[in-house]
Every structure is written in C-alpha cells, then in structure tokens.
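Data block below; observations after.
There are 2 protein chains.
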Amino acid sequence: MKAVGLTKASTDFIDLEIAQPKPESHDLLVKIKAISINPVDTKQREATKITGDEVRILGWDAVGEVVEIGSEVTLFKTGQEVYFAGDVTRPGAYAEFTLIDERLVGLKPRNLSLEEAAAMPLTTITAWEALFDRLGIVEEDEGKSILIINGAGGVGSIATQLAAHVGLEVIATASRPETIEWTEKFGAQHVLNHREKLTPQLKQLGFEQGVDFILCLHNTNAHWDDMQEAVRPQGEICSIVELAEPVKMSLLKDKSATFSYEFMFTRSKYDTVDKVKQHEILTEAAHMLDGGTLQTTLNKVLSPINAATIEEAHQIISSGKMIGKLVVKGFE
Amino acid sequence: MKAVGLTKASTDFIDLEIAQPKPESHDLLVKIKAISINPVDTKQREATKITGDEVRILGWDAVGEVVEIGSEVTLFKTGQEVYFAGDVTRPGAYAEFTLIDERLVGLKPRNLSLEEAAAMPLTTITAWEALFDRLGIVEEDEGKSILIINGAGGVGSIATQLAAHVGLEVIATASRPETIEWTEKFGAQHVLNHREKLTPQLKQLGFEQGVDFILCLHNTNAHWDDMQEAVRPQGEICSIVELAEPVKMSLLKDKSATFSYEFMFTRSKYDTVDKVKQHEILTEAAHMLDGGTLQTTLNKVLSPINAATIEEAHQIISSGKMIGKLVVKGFE
C-alpha cells in the first residue's frame with residue numbers, strides 16, 4: 001500500500017510502498033480517505049529517532065472506510081465510514097490503510113463531507129475531555145465563565161462551541177482581525193488579546209474575582225502567572241500544552257484552585273478501562289454535527305496525500321497561525 | 001474579656017484583658033469553651049507582624065455557646081452549643097468570646113464532649129473539601145484507591161475515616177509504630193512508610209498503574225516527583241501544603257492528571273457565594289459523629305486556656321509529631 005513515512009535516511013517525508021497490515025482482536029482495518037494535520041504530528045516528527053530499517057508513519061486524525069475487522073470487533077462492520085484520532089503509540093494514518101482499535105472510533109457524521117469530518121476527531125475529543133472529564137463541567141455550571149486561551153485554533157474552535165452549547169459564558173482570546181471574527185462565529189461572547197496580560201482585560205469586562213474555568217491551548221508557561229491570577233477562588237485551569245519549565249504554584253493555594261492536563265492519547269496509551277469513552281464522544285459529537293449543534297472547524301484542504309503535500313501541511317501547522325483545521329484529502 | 005494574644009512587645013503569647021466584641025449582621029457572639037490548635041496557628045504566629053497598639057488573637061477551631069446574635073442571623077439562636085473553624089482574616093478563638101459568621105458554624109455534635117467536639121471542625125472541613133470538592137469523589141468512585149500521605153495527623157485521621165466510609169481503598173502513610181496503629185484504627189487498609197519512596201511500595205501492594213487519588217498532608221515539594229509517578233492515568237492529586245519551591249509538571253501531562261489545592265479558609269477569605277457549604281459540612285459531620293460513623297480524633301487535652309498552655313500547645317504542634325488532635329479547654 002502507499003504510505004508517507006519517515007526513515008533513517010532523511011528528516012523529509014518519503015513516499016513509500018509498504019505491506020498492508022492485518023486486523024486482529026479489536027482492530028479495524030480502515031481505508032483512509034482524508035486526514036487532518038495537528039501540532040501533535042509536528043511534535044512527533046521532531047521526536048522521532050529512527051534506527052535500522054524502521055519506517056515511522058505519523059497521522060492521528062482521519063476519515064475512512066472499514067474494509068476488514070478483527071475477531072473481537074463488535075461495534076463496527078465492513079463498509080461503514082468512520083472517523084477517529086487513534087493511538088499515538090501505533091502507526092498513524094498517512095497511509096492507504098491503517099489499523100485502529102474500535103473503541104477509539106465513531107461513525108462518520110452523515111451530513112458532513114469527508115474533509116469536513118476528517119477535521120474533527122482529534123480536536124473534538126481533546127476539547128470534550130478537557131471540558132467534561134478534566135474541568136468536570138456539568139449541567140449545573142450553566143452561566144459560569146470560561147476563558148479559552150487561543151480560541152481560534154483547532155481545539156479552541158470546537159471548545160468554544162461546546163462551552164457555549166452547555167451555557168457557559170465564553171471569553172476567548174485572539175489577536176488578529178480574522179481570528180477574532182472566527183472565534184466570535186463559533187460562540188465566543190468576549191474576545192481578549194492574548195498578546196497582552198489577560199487579568200486586567202478580564203477586570204475591565206467585570207470579572208473582578210476572575211473566571212470559573214480556564215482552558216489553555218497555547219504556551220502554558222508564558223500564561224502561567226496570568227492564569228493563576230485570572231482564575232477565581234475554587235476555580236479550575238486545564239491545559240493541553242506541557243509546562244516545559246518548572247512553575248511556582250503558590251498563587252493557586254490561597255484560592256483552593258485546580259490545575260489539570262488534557263492529553264487525548266492518555267486513554268489509548270495507557271489502555272485505560274474507560275477507553276471506550278472516546279467511541280462515545282465521537283458518536284455523540286457526530287449527532288451534534290449532523291444536527292447542526294456543532295459546526296465543522298475545517299478551514300483549508302490540500303490534496304492529494306503524498307510526501308510533498310504532507311510537508312506543506314506541516315509547514316502551515318508549524319507557523320502557529322492556522323485558523324481552525326487543515327485537511328489533506330485522497331491518494332492519487 | 002480574657003484573651004491570649006500577640007502584641008508588638010514580644011513574640012510570646014500574653015494574657016490580655018480586652019473589650020468584648022459585639023455581633024452584627026450574620027455574626028454570632030460565641031462564649032469559647034474549648035479550642036484546638038492546628039499548624040495554621042503556628043504559621044499565622046510566624047507570619048504576624050504587629051505595628052502600633054494592635055493585638056492579634058489567633059485560634060480557628062473551637063466549641064462554645066451562642067450568647068448573642070447579629071440582626072441577620074437565621075441559622076442559630078442564643079443558648080445553642082456550636083463548633084466551627086472560622087475565618088483566618090478575623091480575630092480567632094484564643095479568647096473568652098469570639099465573633100463568627102453563622103454560615104461557617106455547625107451545632108456541636110450532641111454525643112461528644114466539649115473537647116472531643118473542639119478537635120473536629122477545622123480538620124473535618126479540610127478533609128471533606130479535599131475529598132469531595134477538590135478531588136470530586138462521588139458515590140460511583142466506590143472501590144477506587146486513595147493514598148493519604150501522613151495518615152495519622154489531624155487532617156489525615158479524619159480523611160482516612162471519610163474515605164473509608166465512602167468505600168475507597170485507603171492506603172495511608174505513617175512511620176512510627178504508634179502512628180501506624182492510629183491510622184489503621186481509623187480505617188487505613190494498607191500503611192506505607194513515607195520516609196521511603198512510595199511508588200515502589202505501591203507496586204508491591206499491586207497498584208501497578210498507580211492509585212486513583214492522592215491526598216498530600218505533608219511536605220508537598222518533598223513528595224512531588226513520587227506523587228507524579230504514583231498517580232494513575234487520569235488520576236488526581238490534592239495537597240493542603242503549599243508547593244513553596246517551583247516544580248516540574250511534566251510527568252502529569254502524559255497521564256492527563258490533575259493537581260488541586262485545598263485551603264479551608266478560601267471560602268471565608270474570598271466570601272464565596274457557596275460559603276454556607278461549611279455550615280452544611282459541619283452539620284452533616286455532627287450527625288456522623290453522633291451516630292458513630294465518624295470518630296473524634298482527639299488525642300490530648302491541655303487546660304486552662306492561657307498564654308502558658310497555648311505556648312505549650314504550639315510547641316507540641318511545631319514538633320510535627322502530634323498524632324490526631326490537641327485541644328485546650330476552659331478559662332480559669
């Protein structure tokens with residue numbers, strides 16, 4: 001089968017012909033139709049150290065068709081179109097076929113095109129887990145406030161929609177006219193400029209005691225002190241970006257505040273007992289996307305899936321300026 | 001009225017005669033019968049900087065009788081015996097009379113003596129808020145595991161009981177024969193030695209992936225790396241002890257783990273809208289103490305309440321070796 005991979009020979013992506021894998025146990029064999037590129041792809045590329053004849057296939061956000069199933073599969077059958085983010089410890093979706101555990105997969109939203117659907121799984125799972133599993137937002141939190149730092153990125157665009165949908169007052173951050181417009185379109189009621197300190201801007205909006213929740217989708221170290229100040233007593237901060245440098249935690253003590261990380265590959269990497277939650281999230285999200293409660297965050301499509309296009313996509317993601325989501329569609 | 005205070009003249013406690021305060025608004029005037037000494041008392045003593053003629057009265061854990069009420073009080077009436085921890089930003093309970101907001105007060109457990117009841121409020125609120133408000137433990141968490149670091153201290157003794165009561169598997173830490181016996185008496189199913197690394201001890205007990213919850217009631221910086229290792233994927237750590245030094249947060253990212261602080265004075269200090277929760281906690285805890293579901297953690301009583309006894313009590317607390325709770329009872 002065709003694949004785009006990394007080898008020992010070069011740091012460039014290479015068009016390869018490799019053996020098609022065989023599904024066992026809970027795995028589906030999926031024929032890939034469109035993939036989406038995320039910051040995790042560029043991070044994994046940087047972290048990849050290849051020895052010997054190994055080939056590394058990246059890509060964890062895809063739409064495709066189930067063409068074969070493992071012996072223990074119960075949730076899907078061949079012929080179904082599915083969408084999924086997958087498991088970063090396994091070969092990814094820059095390939096004609098990939099293996100994916102059924103518990104990490106949802107049926108593709110019917111009313112969305114392939115590229116619209118491919119844009120969604122990784123960021124939807126991330127935003128969903130951050131809001132509902134890490135920050136623990138529940139129905140009774142309606143009316144509370146959330147600050148979403150970097151509202152116009154991939155995760156921000158869906159987190160803004162989900163937070164607005166459950167009745168939170170959403171304050172997103174953006175710094176360019178086009179990102180401000182984008183995040184307002186998805187439900188942000190206030191937009192702050194993340195190039196300036198956020199706490200004074202929140203006070204100006206009337207959030208004197210701070211906000212109930214903060215979701216950080218940008219350099220966490222850079223925003224750390226500002227977030228500690230901006231969170232209200234008993235409030236909660238969640239970040240998807242690692243605190244690479246040590247941090248002072250002192251300001252959070254007085255407020256009995258909480259900090260959590262969201263990493264969407266935790267469930268698959270550690271094979272947690274609640275791994276099937278990602279199947280449930282994707283299923284529920286598909287209903288919401290089909291019903292129009294959620295909108296796709298797709299903003300750019302490249303084609304076809306080959307080394308040159310993947311390289312171009314990585315350059316765009318690395319710039320940090322992508323608004324919404326970038327999808328690469330179809331093999332030649 | 002009699003009081004034991006700190007003045008500009010000396011760092012020693014001094015027996016004083018000061019004016020009796022008058023209750024307004026939501027305040028109760030309480031005649032103090034017994035008080036309990038906590039680490040917060042010794043920390044507040046150290047942090048106290050007195051200028052001019054000011055007098056600082058410490059003490060935030062008490063039992064007494066309501067003798068007068070403010071005009072907006074609805075929860076209590078005069079003649080009732082009450083127990084409370086109070087508000088660290090106001091004068092404390094080392095005095096014949098103190099003012100306390102009714103929303104931070106509960107009726108004294110009927111079946112407990114004055115000193116048995118005085119031992120409970122501050123540590124019960126702390127343990128309760130840590131387990132149920134910060135770690136967010138709910139009924140469905142029955143059967144999950146919690147590591148309580150320093151199980152035999154004031155908060156540890158009640159946290160162990162509460163955690164065991166809701167059906168968690170409790171692993172407490174202790175290092176001396178008498179503390180091991182104490183923590184087992186209160187419901188710890190396993191006892192680890194916190195003078196050695198905890199993660200290998202947990203693995204030996206069969207907690208290969210770590211524990212679901214960790215409650216740190218000891219030097220948080222010293223246990224930081226060990227706790228990051230010992231918490232399971234998607235697990236939660238709560239501490240009541242400030243991380244005074246900066247910390248690396250990297251290990252928590254991969255696990256989507258959570259860290260929270262519990263500081264029992266957050267609600268009163270910031271006058272949060274849910275401040276009355278402390279009244280509710282003390283009310284519920286009184287029922288549990290009266291019914292025998294919870295046991296008092298009282299372990300030592302001194303008498304009477306004066307400068308010399310308070311000094312002795314502070315020395316005992318500062319040693320860090322107190323098992324359970326220390327109470328000082330009655331004025332001369």
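Chains as they are written, first to last, in full-length UniProt numbering: chain E, 1 to 332; chain X, 1 to 332. Yeah, the Cβ is synthetic: ideal placement off N, Cα and C, and Gly gets one too.
- In the structure shown, residue 222(E) falls within a helical segment according to DSSP collapsed to helix, strand and coil.
- Within 8 Å of the CB of residue 257(E), the CB atoms of chain X belong to 260, 261, in sequence order along the chain.
- Segment contact: the stretch 85-100 of chain E against the stretch 266-274 of chain E, three or more CB-CB distances shorter than 8 Å; contact assigned.
- For residue 177(X), the enclosing alpha helix (DSSP H) covers residues 177-185.
- The criterion of a C-beta distance shorter than 7 Å is satisfied by residue 303(E) and residue 329(E).
- Taking a beta-carbon distance threshold of 7 Å, residue 247(X) counts as an interface residue toward chain E.
- Remark: C-beta atoms of residue 286(E) and residue 106(E) approach each other more closely than 7 Å.
- At least one C-beta of chain E is nearer than 7 Å to the C-beta of residue 253(X).
- Under DSSP, residue 171(E) shares a beta bridge with 147(E), 190(E).
- Counting only the Cα atoms, residue 212(X) lies some 7 Å from residue 236(X).
- For residue 275(X), the closest of 100(X), 308(X), 254(X) by C-alpha to C-alpha distance is 100(X).
- Per DSSP, residue 43(E) lies in no beta strand (DSSP E) segment; the continuous alpha helix (DSSP H) that holds it begins and ends at 39-47.
- DSSP places residue 161(X) in the helix class (H, G or I) of the three-state scheme.
- Here residue 98(E) is bridged, per DSSP, to 30(E).
- The C-beta of residue 94(E) comes no closer than 7 Å to any C-beta of chain X.
- Proximity of residue 136(X) to chain E, defined by a Cβ-Cβ separation below 7 Å, is satisfied.
- Assignment of residue 201(X) by DSSP, reduced to helix, strand and coil, places it in the helix class.
- Taking the beta carbon of residue 234(X) as reference, the chain E residues within 7 Å of it are 266, 272, listed in sequence order.
- About 5 Å separates the Cβ atoms of residue 65(E) and residue 31(E), confirming a contact at the 8 Å cut-off.
- Note on geometry: alpha-carbon atoms of residue 135(X) and residue 40(E) lie some 29 Å from one another.
- Under the three-state reduction of DSSP, residue 155(X) is assigned to helix.
- In the structure shown, residue 244(E) adopts coil according to DSSP, grouped into three states.
- With contacts defined by Cβ atoms closer than 7 Å, residue 296(X) and residue 28(X) do not form a contacting pair.
- For residue 123(E), the closest alpha carbon among the candidates 159(E), 48(E), 140(E) is that of 159(E).
- Taking 7 Å as the cut-off, the beta carbon of residue 155(E) is found no closer than this to the beta carbon of residue 179(E).
- Between the alpha carbons of residue 162(E) and residue 55(E) lies a distance of about 38 Å.
- Spatial neighbours of residue 7(X) in its own chain (CB-CB distance under 7 Å, excluding positions within 5 residues in sequence) are listed in chain order as 14, 50, 55.
- Contact between residue 217(E) and residue 241(E) holds: CB atoms are separated by about 7 Å, below the 8 Å threshold.
- The residue from 37(E), 331(E), 4(E), 25(E) with its alpha-carbon nearest to that of residue 153(E) is 37(E).
- For residue 213(E), the pairing in a beta bridge is given by DSSP as 146(E), 236(E).
- At a cut-off of 7 Å between beta carbons, residue 242(E) contacts chain X.
- Membership of residue 12(E) in the beta strand (DSSP E) is indicated by the continuous run 10-17.
- Identification of chain E residues near residue 145(X) by a Cβ-Cβ cut-off of 7 Å yields none; the smallest Cβ-Cβ distance measures about 13 Å.
- Listed as beta-bridge partners of residue 258(X) by DSSP are 260(E), 236(X).
- Within chain E, the C-beta atoms nearer than 8 Å to that of residue 209(X) come from 270, in chain order.
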